[in-house]
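Numbering (the working numbering), first residue to last: 2 to 289. What follows is a short report on a single structure.
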């Protein structure tokens, strides 16, 4: 292991750093606080928004900006200010929105209007959408904006369109979007691990990926030559693992991610990431 080379750690949140309750355990939180105070260079790359991260990561002083919406925005965790935006082109946002509406679905629209972040939503039409809205309300999400005409929000900097529906509906819509836009969008379908039976579909700009955002971030902070150690559990972490020097998968990770990993550790609900970080930090800083 080359201890002379600078090292940057980047971790996913859900299914990786967080427990089954979508929160940092006391053990993980206290461990991270100590490591960060000692000089550990860590950031987060997640499908979540920076607003959600601020609640989850309260009390942690990360030395680098975070990657939100899978790479759509690079943002300062403390202030929420966006440093880099990879929003959907308006033409593509409108086209995807029209296809979604034509399929009988209604998306949540996550955007930046030039002054503040927005999470536009209509009246919810199924339990999966209600679960998400209730979750955001319970966390006092300041982005929430009930919007009768969602199409008007598409002129803003749209980070993500999110559809929540039954698995068969979401899969049919995913296939239609992929066929229609042929690589011009990043389209992802996944299950809600906290509320089973309702799948999510997210639509981002094609360039909004974790690996591209990380490369941009490291270059901006003069860390382009640093060793990158990435932690993840899902398919949206695959690009991150492919660009990292080392990819560390949790035990509950998807099989395709484990196949790319240089190491597999314990599950996310056993504080496995912080345990790994502590072991590496001790090894790196122990007397020779």
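Quick reminder that beta carbons are idealized off the backbone N, C-alpha and C, glycines included.
(request) Would you mind giving the Cβ-Cβ distance between residue 266 and residue 245, rounded to the nearest angstrom? I have them listed as a contact below 8 angstroms. (result) 15 angstroms between Cβ atoms; not a contact.
(request) Report the residue ranges of all beta strand (DSSP E) runs contained in full by the region 99-143; include only those spanning at least 3 residues, in chain order. (result) Positions of the beta strand (DSSP E) runs, each at least 3 residues long and wholly inside the region 99-143, are given as 109-113 and 118-122 in order along the chain.
(message) Check this for me: beta carbons of residue 241 and residue 212, under 8 angstroms apart or not?
(response) Result yes, Cβ atoms of residue 241 and residue 212 sit closer than 8 angstroms.
(message) Quick test of the definition: if touching needs 3 or more C-beta pairs under 8 angstroms, does the region 71-84 touch the region 48-61?
(response) The answer is yes - the region 48-61 touches the region 71-84, with three or more Cβ pairs under 8 angstroms.
(request) Provide the residue span of the beta strand (DSSP E) that contains residue 163, from first to last. (result) For residue 163, the enclosing beta strand (DSSP E) starts and ends at 158-166.
(request) Find out if the Cβ-Cβ distance for the pair residue 199, residue 132 is shorter than 8 angstroms. (result) A contact, by the Cβ cut-off of 8 angstroms.
(request) Confirm, please, whether the CB-CB distance from residue 19 to residue 292 is below 8 angstroms. (result) Residue coverage of the chain in this structure runs from 2 to 289, which leaves residue 292 outside it and unanswerable.
(message) Check whether the region 178-186 and the region 205-219 are in contact - that is, three or more C-beta pairs closer than 8 angstroms.
(response) The count of Cβ pairs closer than 8 angstroms, one atom from the region 178-186 and one from the region 205-219, reaches three, so the stretches are in contact.
(request) Find the nearest neighbour of residue 108 within the set 154, 44 and 262, judged by alpha-carbon distance. (result) For residue 108, the nearest C-alpha among the options comes from 154.
(request) Decide if residue 4 is buried, meaning its Cβ has at least 16 other Cβ atoms within 10 Å, or exposed. (result) The predicted model places residue 4 with a pLDDT of 49, which falls under 50 and marks its position as unreliable; any figure quoted below should be read in that light. Exposed, since its Cβ has fewer than 16 Cβ neighbours within 10 Å.
(message) So if DSSP puts residue 191 in a beta bridge, which residue, or which two residues, is it bridged to?
(response) Beta-bridge pairing links residue 191 to 201.
(request) Report yes or no: do the region 28-38 and the region 92-105 share at least 3 C-beta pairs separated by less than 8 angstroms? (result) No contact exists between the region 28-38 and the region 92-105.
(request) Would you mind working out which of 91, 140, 105 and 146 sits nearest residue 118, comparing C-alpha positions? (result) That would be 146, whose Cα lies nearest to the Cα of residue 118.
(request) Could you say which of 220, 170, 264 and 249 lies nearest to residue 106 if we only look at CA atoms? (result) For the residues 220, 170, 264 and 249, the minimum Cα distance to residue 106 belongs to 170.
(message) According to DSSP, is residue 213 part of a helix, a strand, or is it coil?
(response) Residue 213: helix per DSSP, three-state reduction.
(message) For residue 1, tell me which candidate among 43, 121, 263 and 203 has the shortest Cα-Cα distance.
(response) Since the first residue of the chain shown is 2 and the last is 289, residue 1 is not available in this structure.
(message) By the three-class DSSP mapping on this structure, what secondary structure does residue 67 have?
(response) Residue 67: strand per DSSP, three-state reduction.
(message) I'd like the list of long-range same chain contacts for residue 17, defined as Cβ closer than 7 angstroms, with 5 residues on each side in sequence excluded.
(response) Around residue 17: 232, 233, 234, 251, 269 and 274.
(request) Return the residue from the list 202, 165 and 168 that minimises the CA-CA distance to residue 179. (result) Ranking the options by Cα distance to residue 179, first place goes to 202.
(request) Please state whether DSSP places residue 264 in a helix, a strand or coil. (result) If DSSP states are grouped into helix, strand and coil, residue 264 belongs with the strands.
(message) Quick check on residue 80: does DSSP put it in helix, strand or coil?
(response) If DSSP states are grouped into helix, strand and coil, residue 80 belongs with coil.
(message) Taking only three categories from DSSP, how would you classify residue 88?
(response) In this structure, residue 88 counts as coil in the three-state DSSP scheme.
(request) Spatial neighbours of residue 63 within its chain, please: CB distance less than 8 angstroms, with the 5 preceding and 5 following residues excluded, ordered by chain position. (result) Hits under 8 angstroms: 37, 43, 44, 45 and 78.
(request) Can you give me the Cβ contacts of residue 259 inside the same chain, cut-off strictly under 7 angstroms, excluding the 5 residues immediately before and after it? (result) Result list for residue 259: 250 and 265, in chain order.
(message) Considering just the uninterrupted stretch of the beta strand (DSSP E) at residue 248, what are its terminal residues?
(response) Membership of residue 248 in the beta strand (DSSP E) is indicated by the continuous run 247-250.
(request) Measure the CB-CB distance between residue 73 and residue 161 and report whether it falls below 8 angstroms. (result) A contact, by the Cβ cut-off of 8 angstroms.
(message) DSSP has residue 242 in a bridge; who is on the other side?
(response) Note: residue 242 sits in no beta bridge, so no partner.
(message) Quick check on residue 248: buried or exposed, where buried means 16 or more other Cβ atoms within 10 Å of its Cβ?
(response) Classification of residue 248: buried, given that the 10 Å Cβ count is 16 or more.
(request) Thinking residue 101 and residue 164 are a contact (beta carbons under 8 angstroms), I'd like their distance in whole angstroms, please. (result) Residue 101 to residue 164, Cβ: 6 angstroms. Contact.
(request) For the alpha helix (DSSP H) containing residue 37, list its first residue and its last residue. (result) Counting along the chain, the alpha helix (DSSP H) containing residue 37 begins and ends at 27-39.
(request) Taking all protein chains shown into account, decide if residue 286 is buried (16 or more other Cβ within 10 angstroms of its Cβ) or exposed. (result) By the neighbour-count criterion, in which a residue is buried when 16 or more other Cβ atoms sit within 10 angstroms of its Cβ, residue 286 is exposed.
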